[in-house]
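Engineer:
Chains as they are written, first to last, in my numbering: chain A, 1 to 627; chain B, 1 to 113.
Put into structure tokens, the structure is as follows:
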């Protein structure tokens, strides 16, 4: 029992004889007061305390009817917490009482002092306007006490009696003590409720922050846009909403890309529903409208009229109703002021409600999704550019060379980058149709990215054009050098190394005329013997004059020529550099293998040597005279 | 001397008519910014001869080669000299392969060691 309650108990125990005037009455009151104190101490909610006040406390006082009212902080209305003993519909008529000076309860609250009305006459004299109500149904006396603790106004309690009653000093003290006890309990319950609400809000906030963090991580995952949005929708139905959906602008239409619910049967139901009744793309409601306007919509309650309005026919309406939407929130996915779609969250069977204040959180969630969408759009764009460039850099398929098998391979530095990386390595085989010759090229442009790619493309197309003019390999390289210098100026920002050859095929093999512009030495595999073709030459794109030497290499049946970029020999792994010796040994071990097998074998060995992590990009071209 | 960046350390010595940058470790795309800063700083002093001593390097890739070519270009434009030391190891092989040994002033071209 609290100290305040002890003090109050003193008042009760020390009070002079009750109207019934006997010691037993005082003892009964003291015991009743203790009991009320105990019961109130166990009550948790304002409603419970209102009920105890209107029943137990009223009985203790000997009141015939009682109503306890609460006042929300700062409100000018009193709400009934509990009423008891009133005839007829009084309890519904007075469920809400506006504060209005000149009426007994309002006066008690506003003056912070009890109003004592000992009989019907006092009612009629002091509150003529309210008397018909105050003394209706045979009521005579009323004690109206404010419920207050310190400076906090918590409400008021009305005790009413069928008989006139003299509220003398002791009686007043007793009633004030009972009201004080109720006030304290109410104050405590309110603090408890406030604390509980604050804790719930903090927990919800914490959950939401955790949720947003998970959503953010999801948006950074290496997934396609649709997969990310689908996983976001799935995430949302774990604790945020019963249903979620994402719509995106697709051309001139707004399409739903995903819908999520924990129960797959319900998703199937909605999908079937939309198959039977395709959504109107011009609908002025829901996700489509929010996407168009960029203005969010919160529906704490989804009105049935809305369902009726959007239903095509009675069956449709029945099906929509079956989804059981209760509350919904739809927010646009805004990227730099443009609306790209909408996120819809719906509460159904859980009975949850979305309110205006949820807009902040759901808006944050939508912003996360929109940002990812923007990033993804950029990624898509980059991927498209990379693919376009890569297509320009590498042949999709090498031409068929009668009597010779050619195999080309390219690997970017990281397999993750396969789609977006634009390398500076190239391999190619061009046909000089007029002369029945074939040009072989492997080149490596210093640097990476679009500028390196542009130079790679320039080299490829220059080679292609010059080969058709029937130029010798050294002359082709000089033309390429001149073209690169012309395009890139004398600043030496970019250079390239190239191995280039012209090949003629005859029934007994092929003859290859090679030139090397600063490129790693080509290898020839004859049987199981790997030979280096040591051939000095100047790199391309730096000096106006190139020192080049042409060399003729004969490929007998089954002999193989390997051209490669330095991504092969300069591959680095736990065992150091891959190096030329290892490459030569590897090639020897591949004696008799086809061009494809050799190309794959070299690429696999280089990959394995580096634990699958390519430090540089690798291009290679294997050419083998048919055995 | 510069702070070690990645796997590259650069010692700088100045003589009457030349600045020497001695590079140790690896000169590749990840260590290039440090080397570029040192070279740019040395060029700002406009020494008659700038020597890039690449002999102690364990590794040099095309970005390191580019650094040398750019420095050569700057020196030629300014009427100064750029010289290199390549040693007999990996660095020398790289410059040989690229056909650059004959295009640069290689101070240790004929050294036996």
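Where a beta carbon is used, it is the ideal one built from N, C-alpha and C, also for glycine.
Confirm, please, whether the CB-CB distance from residue 254 of chain A to residue 291 of chain A is below 8 Å.
Structural biologist: Yes, the pair counts as a contact, with Cβ atoms nearer than the cut-off.
Engineer: Measuring alpha carbon to alpha carbon, tell me which of A:373, A:522, A:279 ends up nearest residue 440 of chain A.
Structural biologist: Of the listed residues, the one whose Cα sits closest to residue 440 of chain A is A:522.
Engineer: Could you round the C-beta distance between residue 161 of chain A and residue 64 of chain A to whole angstroms and report it? I think they count as a contact, below 8 Å.
Structural biologist: Indeed, because the Cβ distance is near 5 Å, the residues count as touching under 8 Å.
Engineer: Quick one, which of B:25, B:40, B:46, B:93 has its alpha-carbon nearest residue 16 of chain B's?
Structural biologist: The candidate whose alpha carbon is nearest that of residue 16 of chain B is B:46.
Engineer: State the DSSP-derived secondary structure class of residue 97 of chain B, mapped to helix, strand or coil.
Structural biologist: Correct three-state label for residue 97 of chain B: helix.
Engineer: Exposed or buried, what is residue 72 of chain B when buried is set at 16 or more other beta-carbons lying within 10 Å of its beta-carbon?
Structural biologist: Answer is buried; the Cβ neighbour count reaches 16.
Engineer: I need the DSSP call for residue 240 of chain A, collapsed to helix, strand or coil.
Structural biologist: DSSP places residue 240 of chain A in coil when its eight states are reduced to three.
Engineer: How is the beta strand (DSSP E) around residue 509 of chain A delimited, first residue to last?
Structural biologist: From DSSP, the beta strand (DSSP E) with residue 509 of chain A extends over 509-517.
Engineer: Checking the sheet assignment: what are the DSSP bridge partners for residue 408 of chain A?
Structural biologist: Paired residue(s): A:621.
Engineer: I'd like the list of long-range same chain contacts for residue 431 of chain A, defined as Cβ closer than 7 Å, with 5 residues on each side in sequence excluded.
Structural biologist: For residue 431 of chain A, where only same-chain residues beyond five positions count, the Cβ hits under 7 Å are 399, 438.
Engineer: Could you pull the DSSP bridge partners for residue 564 of chain A from this structure?
Structural biologist: Note: residue 564 of chain A sits in a beta bridge opposite A:620.
Engineer: Apply the 10 Å Cβ neighbour rule to residue 64 of chain B and answer buried if 16 or more other Cβ atoms are within range, or exposed otherwise.
Structural biologist: Label assigned to residue 64 of chain B: buried.
Engineer: Give the interface partners of residue 547 of chain A over in chain B, defined as CB-CB distance under 9 Å, in chain order.
Structural biologist: Chain B residues near residue 547 of chain A: 99, 102, 103.
Engineer: Name the residues in the stretch 62-75 of chain B whose C-beta lies less than 9 Å from a C-beta of chain A; which are they?
Structural biologist: Result list: 62, 63, 65, 66, 69, 70, 72, 73.
Engineer: So, does the stretch 239-259 of chain A touch the stretch 344-352 of chain A, judging by three or more C-beta pairs under 8 Å?
Structural biologist: Because the criterion of three Cβ pairs below 8 Å is met, the stretch 239-259 of chain A and the stretch 344-352 of chain A touch.
Engineer: Pull up the distance between the alpha-carbon of residue 19 of chain B and that of residue 104 of chain B, whole angstroms please.
Structural biologist: Rounded to the nearest angstrom, the two C-alpha atoms are 17 Å apart.
Engineer: List, in order along the chain, the chain B residues whose C-beta lies closer than 9 Å to that of residue 492 of chain A?
Structural biologist: Neighbours of residue 492 of chain A on chain B, chain order: 66, 69, 70, 72, 73.
Engineer: Report the neighbours of residue 543 of chain A on chain B: residues whose CB is nearer than 8 Å to its CB, in chain order.
Structural biologist: Those within 8 Å of residue 543 of chain A in chain B are 103.
Engineer: State the DSSP-derived secondary structure class of residue 180 of chain A, mapped to helix, strand or coil.
Structural biologist: Correct three-state label for residue 180 of chain A: helix.
Engineer: Hey, would you say residue 235 of chain A sits closer than 8 Å to residue 221 of chain A, going by beta carbons?
Structural biologist: Their beta carbons are not under 8 Å apart, which means residue 235 of chain A does not touch residue 221 of chain A by this criterion.
Engineer: According to the Cβ coordinates, are residue 136 of chain A and residue 117 of chain A closer than 8 Å?
Structural biologist: No, these two residues do not count as a Cβ contact at 8 Å.
Engineer: Counting pairs of Cβ atoms below 8 Å between the stretch 491-507 of chain A and the stretch 460-476 of chain A, do you hit three or more?
Structural biologist: Yes: the two stretches touch, three or more of their Cβ pairs being nearer than 8 Å.
Engineer: Return the CA-CA distance between residue 325 of chain A and residue 302 of chain A, expressed in angstroms with no decimal places.
Structural biologist: Approximately 7 Å, taken between the alpha carbons.
Engineer: Which residues in the same chain as residue 527 of chain A place their Cβ atom closer than 7 Å to its Cβ, once the five residues preceding and following it in sequence are excluded?
Structural biologist: Hits under 7 Å: 591.
Engineer: Could you say if the stretch 179-199 of chain A and the stretch 46-60 of chain A meet the contact criterion of at least three C-beta pairs nearer than 8 Å?
Structural biologist: Flag = yes, the stretch 179-199 of chain A and the stretch 46-60 of chain A touch.
Engineer: To test your reading of the DSSP string, which unbroken beta strand (DSSP E) runs of 3 or more residues are found completely within the stretch 51-102 of chain A?
Structural biologist: Segments of the beta strand (DSSP E) lying fully in the stretch 51-102 of chain A: 65-71, 77-84, 96-98.
Engineer: I believe residue 369 of chain A touches residue 248 of chain A by the beta-carbon criterion, under 8 Å. Please report the beta-carbon distance rounded to the nearest angstrom.
Structural biologist: In fact, because the Cβ distance is near 10 Å, the residues do not count as touching under 8 Å.
Engineer: Would you list the residues sitting across from residue 339 of chain A in a DSSP beta bridge?
Structural biologist: Its beta-bridge partners are A:334.
Engineer: Tell me which same chain residues have a C-beta within less than 8 Å of the C-beta of residue 607 of chain A, skipping the five on either side of it?
Structural biologist: For residue 607 of chain A, where only same-chain residues beyond five positions count, the Cβ hits under 8 Å are 411, 614.
Engineer: Please report how far the alpha carbon of residue 612 of chain A lies from the alpha carbon of residue 507 of chain A, in whole angstroms.
Structural biologist: Approximately 40 Å between the Cα atoms of the pair.
Engineer: Which of the three DSSP states is assigned to residue 305 of chain A in this structure?
Structural biologist: In the structure shown, residue 305 of chain A sits in a helix (DSSP, three-state: H, G or I).
Engineer: Looking only at DSSP bridge pairs, what is residue 146 of chain A linked to?
Structural biologist: DSSP lists A:156 as partners of residue 146 of chain A.
Engineer: Of the choices A:62, A:69, A:626, whose alpha-carbon is the least far from that of residue 405 of chain A?
Structural biologist: Selected option, being the one with the closest Cα: A:626.
Engineer: Start and end of the beta strand (DSSP E) containing residue 432 of chain A?
Structural biologist: Its beta strand (DSSP E) spans residues 425-432.
Engineer: Can you tell me whether DSSP reads residue 167 of chain A as helix, strand or coil?
Structural biologist: Looking at residue 167 of chain A - three-state DSSP - the assignment turns out to be coil, as it is neither helix nor strand.
Engineer: Between which two residues does the beta strand (DSSP E) holding residue 500 of chain A run?
Structural biologist: Per DSSP, residue 500 of chain A belongs to the beta strand (DSSP E) from 496-506.
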